[in-house]
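In this note's numbering, the protein residues as written are 1 to 250.
Structure (structure tokens):
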């Protein structure tokens, strides 16, 4: 550890954890968020939705995540069942894409049937073209409940101008500006998630505004140029510090 100049984490949450675990001083750490490149997607949003048999007025909600307990798919399905029970007419306007594969695939499909929401949900499995599908969404969800840091799925959605509803913990709390680029809800709270879903499903103007804010936040914090700038700034800072220390010792 003595040979390490600085510890880098991808989120404030991870930064606080490593300071506590290794008993570091705050100046020994630095948060540099993850980043993704802008996707080159020549196909239009309307064309993609048409290929997926979605009407132009359909509100498409998607989640891109491995089908494991930590990603909170069950919380998402519970929220959708709450929407169905309290606002049944809204379900007729929805299409839900669950993108990804994993050990919970079978049990999640059973849950959709038991909740009576299976007609609105498509399990698309692993898709190499998942970014193409994300670009055609109206809302991106990540309802993680544990073992999360700074997920790329949310950053990718931001880069495509998609508003996000996410659990309020770990790096997700850094990524999403609540009530601006999306909504944050307490971990595991399916009722709060349902409220956020209804808000965005019913209001296209809010979706558009939040989508623009998400894209702006991507460029400001999570783009590749910003990522490179962050590391260059850190390198130059440490290099200048080392030069001053050597000068003081000579």
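All C-beta atoms, glycine included, are put in the ideal place defined by N, C-alpha and C.
The beta strand (DSSP E) that contains residue i, what's its start and end?
i           : result
residue 182 : 182-185
residue 44  : Element bounds for residue 44: n/a, residue is neither H nor E.
residue 173 : No beta strand (DSSP E) contains residue 173, which is instead part of the alpha helix (DSSP H) from 172-175.
Which residues mark the beginning and the end of the alpha helix (DSSP H) in which residue i is found?
i           : result
residue 205 : 204-217
residue 79  : 73-86
residue 133 : 130-134
Looking at the strands, I want to know which residues DSSP matches up with residue i.
i           : result
residue 30  : 8
residue 123 : 98
residue 140 : 62 and 164
Does DSSP put residue i in a helix, in a strand, or in coil?
i           : result
residue 243 : In this predicted model, residue 243 has a pLDDT of only 42, less than 50, meaning its place in the structure is not dependable; the value taken from the coordinates is given anyway. Residue 243 falls in the helix class under three-state DSSP.
residue 113 : helix
residue 167 : strand
residue 162 : coil
residue 20  : helix
residue 179 : coil
residue 105 : helix
residue 54  : coil
residue 193 : helix
residue 233 : helix
Looking at residue j and residue i, is the spacing between their C-beta atoms short of 8 Å?
i           : j           : result
residue 112 : residue 67  : no
residue 80  : residue 96  : yes
residue 64  : residue 153 : yes
residue 145 : residue 94  : no
residue 69  : residue 124 : no
residue 167 : residue 217 : no
*Okay, do the segment 39-47 and the segment 14-29 touch, 3+ Cβ pairs below 8 Å being the bar?*
Proximity of the segment 39-47 to the segment 14-29 falls short of the contact definition, fewer than three beta-carbon pairs being nearer than 8 Å.
*Touching or not, the segment 157-173 and the segment 6-13, by the rule of three or more beta carbon pairs under 8 Å?*
The segment 157-173 makes contact with the segment 6-13: 3 or more CB pairs, one atom from each, lie closer than 8 Å.
*Three or more beta-carbon pairs under 8 Å between the segment 118-138 and the segment 155-172, yes or no?*
At 8 Å Cβ cutoff, the stretches touch.
*Is the segment 25-36 touching the segment 182-189, taking contact as three or more C-beta pairs under 8 Å?*
They do not touch, by the three-pair rule.
*Below 8 Å, can you find three or more Cβ-Cβ pairs linking the segment 81-90 to the segment 190-204?*
Taking 8 Å as the limit for Cβ pairs, the verdict is that the segment 190-204 does touch the segment 81-90.
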